[in-house]
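In the working numbering, each residue's number is its place in the sequence shown (first place is 1) plus 79.
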Amino acid sequence: MLGILYLLWRRRREDILILIFPLLLYAVIGQMNYKAMRHLLPLVPFLLLIAAELLSAAAERMKSKRNLLIFNVIVIAAAIAPQLCKSLRYDLALYQVDTRTRMKEWIEQNLPEQSRIGTEEFAPPLLSSLDLNLEIIRRSPDYRRVYNLFGVVPKMFAHGRQRTGDHDARAYVQEQGLDYLVLDSFTRARYEWPLSRQRYPDRVEQRELFYKWVRENCELIVRMEPRNKLQISPVVELYRVKKEKPLP
């Protein structure tokens with residue numbers, strides 16, 4: 080940020096050319112409904128160049144070699160230390176078992192085979208009865224049971240079935256006679272983004288009604304939470320659908 084302000088203050092033609100792309104791309108990313116860190120990768124070379132311009136200007140003001148050495152040490156430490164600590168935390172978190180893997184193991188140990196399970200988009204890797212390579216995959220020790228899986232997100236491709244169209248997820252659960260639902264916080268977060276509420280108010284409202292219906296008409300069996308705060312894996316919840324409560 081300081082580098083951007085410095086280039087704006089210096090007001091050279093070359094500086095403006097360097098600033099145009101990152102500022103325009105940042106504005107485009109701000110309008111995107113789905114944002115991911117990878118979208119910022121094209122900005123990295125420009126941001127590094129901007130930072131280098133600021134540091135170069137600051138270094139030129141250092142008159143003694145001793146002050147320049149101290150300045151370089153401080154800059155290098157400030158650049159490396161935070162990211163090093165963050166990388167170590169991230170690497171340690173990757174050693175922890177993902178919540179979806181934990182949920183998969185729990186389901187395979189406790190739910191009967193061929194149960195009808197509805198999932199959202201970031202679901203545990205359960206083995207579907209419609210998988211084209213079912214007979215080969217089921218020999219793997221990584222899978223204990225086979226399930227009938229359904230996607231409960233509109234336009235979601237799930238487990239060998241045709242991509243679903245626009246539908247009321249509440250009605251879809253009952254129409255398909257689902258026994259269980261597996262919901263995840265990553266999917267829910269998409270409907271909580273301010274831009275999603277602004278651009279797709281009807282879809283957001285329909286999804287909120289679905290989550291409300293789940294709370295009122297389904298029984299929470301187990302909830303898996305990540306063992307870190309880095310949001311590498313989602314919170315995953317398993318619900319049992321109460322058949323005796325019809326859709327209002």
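Don't be surprised by glycine CBs; every beta carbon is placed ideally from N, CA and C.
Considering just the uninterrupted stretch of the alpha helix (DSSP H) at Asn296, what are its terminal residues? 280 to 296
Assuming the contact rule is C-beta atoms closer than 8 Å, Glu200 and Val232 should be a hit. Round their C-beta distance to whole Å, please. 6 Å
Quick check: does the Cβ of Ser207 come within less than 7 Å of any heavy atom belonging to the ligand FMN? As far as ligands go, the structure on display features none, and thus does not contain the ligand FMN.
Need the endpoints of the alpha helix (DSSP H) that Asp94 sits in, please. 92 to 109
For Tyr251, which residues in the same chain have their Cβ closer than 7 Å to its Cβ, ignoring the five residues on either side in sequence? Val231
Starting from Ile186 and walking both ways along the alpha helix (DSSP H), at which residues does that stretch end? 178 to 189
Using DSSP with H/G/I as helix, E/B as strand and the rest coil, what is Val314? coil
Rounded to whole angstroms, what's the CA-CA distance from Ile311 to Ala160? Just pull it up for me. 22 Å
Closest by CA to Gly109, which one among Tyr169, Ile97, Ser275, Arg92? Ser275
Just to confirm, is the Cβ distance from Ile83 to Leu98 under 8 Å? yes
Could you check which residue in Arg282, Leu257, Tyr105, Gly256 has the C-alpha nearest to that of Thr266? Arg282
Do three or more CB pairs link the stretch 189 to 197 to the stretch 253 to 266 at distances below 8 Å? yes
Cβ-based neighbour list, Phe100, same chain, cut-off 7 Å, excluding 5 preceding and 5 following: Phe125
Whole-angstrom distance between Ile300 and Trp292, CA atom to CA atom: 16 Å
Kindly give me the distance between the Cβ atoms of Leu206 and Val225, rounded to whole angstroms, as I take these residues to be in contact under 8 Å. 5 Å
Can Arg306 and Gln175 be called in contact, C-beta distance under 8 Å? yes
CA nearest to the CA of Asn296, picked from Val315, Leu309, Gln285, Gln253: Gln253
Just verifying my parser: in three-state terms, what is the DSSP assignment at Asp210? coil
Could you spell out the range, first to last residue, of the alpha helix (DSSP H) harbouring Arg195? Premise fails: Arg195 lies in the beta strand (DSSP E), 195 to 198, not in any alpha helix (DSSP H).
Out of curiosity, what's the CA-to-CA distance linking Ile149 and Pro121? 32 Å
Quick one: residues in its chain with C-beta nearer than 8 Å to the C-beta of Leu309, no 5 flanking neighbours on either side, listed in chain order? Arg168, Tyr169, Ala172
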